[in-house]
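What follows is a single structure, written as structure tokens, with notes after it.
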Amino acid sequence: MTGPHAKLAELGHELPEVVPPVASYVPAVQSGQHVYVSGQLPMAEGKLLATGKVGAGVSADQAKDLARRCALNALAAIDSLVGLENVVKVVKLVGFVASAPGFTGQPAVINGASDLLGAVFGEAGRHARSAVGVAELPLDAPVEIEVIVEVA
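Letter by letter, the sequence shown follows residues 1 to 152 in full-length UniProt numbering.
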């Protein structure tokens, strides 16, 4: 078996269930050859894995792991809509980091998501990106990501 599912397994990951929306939106939507994934929080089995600010209560390393979980949740949303095997390019990733005053390590935190996408899709996983520090995120989550992919 080859492809993104095999690569995820090789990396020791399995796709989680799609995280149900916490408000009025859908997890992902396709428009033409692009899938836009709604903001994904670090949820597992219906629970937020951590709360608080990065740089005060949540370490940068923990937040990087949480960003990886956000990426897994985004992949689950893509897979449920169009199938991961149909992704031809990860176009853009936007990462939001709930940051304590003075915390400036947002790019390293969001690398958790970027590195996973690169590992799963290889060259097609290289993407444009923004890593933004914010005061608050939904449910007091430390990290949130959104992704845009091109599909066949």
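Every residue gets a Cβ at the ideal spot worked out from N, C-alpha and C, and that includes glycine.
Note that the structure is a prediction, hence the values are computed from the model and not measured.
Residue(s) in a DSSP beta bridge with residue i
i, result
"Gln-30", "Val-35"
"Glu-150", "His-34, Lys-89"
"Val-22", "DSSP output for Val-22 lists no bridge partner at all."
Buried or exposed (CB count within 10 angstroms, at least 16 for buried), residue i
i, result
"Arg-68", "buried"
"Asp-79", "buried"
"Glu-45", "exposed"
"Leu-11", "exposed"
"Val-19", "buried"
"Gln-40", "buried"
Three-state class that DSSP yields for residue i in the structure shown
i, result
"Val-82", "coil"
"Ala-141", "coil"
"Leu-8", "helix"
"residue 159", "In the structure as shown, the chain starts at 1 and stops at 152, and residue 159 therefore has no counterpart that could be examined."
"Ala-60", "helix"
Given residue i as reference, the closest of the options once Cα atoms are compared
i, options, result
"Gly-102", "Pro-20, Ile-148, Gly-133, Val-143", "Gly-133"
"Thr-51", "Ala-152, Ser-99, Asn-111", "Ser-99"
"Ala-23", "Pro-138, Ala-152, Val-151, Val-143", "Pro-138"
"Ser-130", "Pro-16, Ile-110, Asp-115", "Ile-110"
"His-13", "Pro-107, Asn-73, Leu-93", "Asn-73"
Which whole runs of the alpha helix (DSSP H) in the segment 83-134 are 4 residues long or more, in chain order?
Correct list: 106-121.
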